[in-house]
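A short worksheet on the structure shown next.
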Amino acid sequence: MNADERRLNAISEKIIAAAFEVSNVLGVGFLEKVYENALNVELKLMGMETLPQAPLKVHYKDNLVGDYIADILVNNEIIVELKTVKELDDIHIAQCLNY
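Position 50 of the sequence shown, counting from 1, maps to 67 under the working numbering, and the rest follow consecutively.
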């Protein structure tokens, strides 16, 4: 594992810890936006740089083909996509992989 992978893994671990903290404090039953706002707060409390509702460009073969809004962009490198569902569906996984 190289230095970039270690750094990204460390950030990912903090994001996961923040998500568990939000889940433990809020529990279930809120709309996705509530969890998004709480996660944004928790990540900032952990010293992370966040950009909620981050505008991103989608390119295809070096051509701009669309725009996307990420729920949260952390440290300008990791996209966080929130879902308030009982179970992730294949479409949710495909959505994340496409980013």
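Even for Gly, the Cβ is constructed at its ideal location relative to N, Cα and C. Here the structure is a predicted model, which means the values were calculated and not measured.
Buried/exposed call for residue i, threshold 16 Cβ in 10 Å
i, result
"V97", "buried"
"A20", "exposed"
"L56", "buried"
"E22", "exposed"
"A35", "buried"
"E30", "exposed"
"L73", "exposed"
"V165", "The requested residue 165 does not occur in the structure, where the chain is confined to residues 18 to 116."
"I33", "exposed"
Reduced DSSP secondary structure (H/G/I, E/B, other) of residue i
i, result
"K74", "strand"
"V82", "strand"
"L99", "coil"
"L90", "strand"
"L48", "coil"
"N26", "helix"
"N57", "helix"
Beta bridge counterpart(s) of residue i as assigned by DSSP
i, result
"L68", "L90"
When the options are compared against residue i, the one with the closest alpha-carbon
i, options, result
"V42", "V58, I28 and A27", "V58"
"K100", "V45, I28 and R24", "V45"
"K61", "N92, S40 and N26", "N92"
The stretch 77–92 in contact with the stretch 55–69 per 3-pair CB rule at 8 Å: Touching, yes.
Is the stretch 36–56 touching the stretch 75–84, taking contact as three or more C-beta pairs under 8 Å? Contact between the stretch 36–56 and the stretch 75–84 is absent, because fewer than three Cβ pairs lie under 8 Å.
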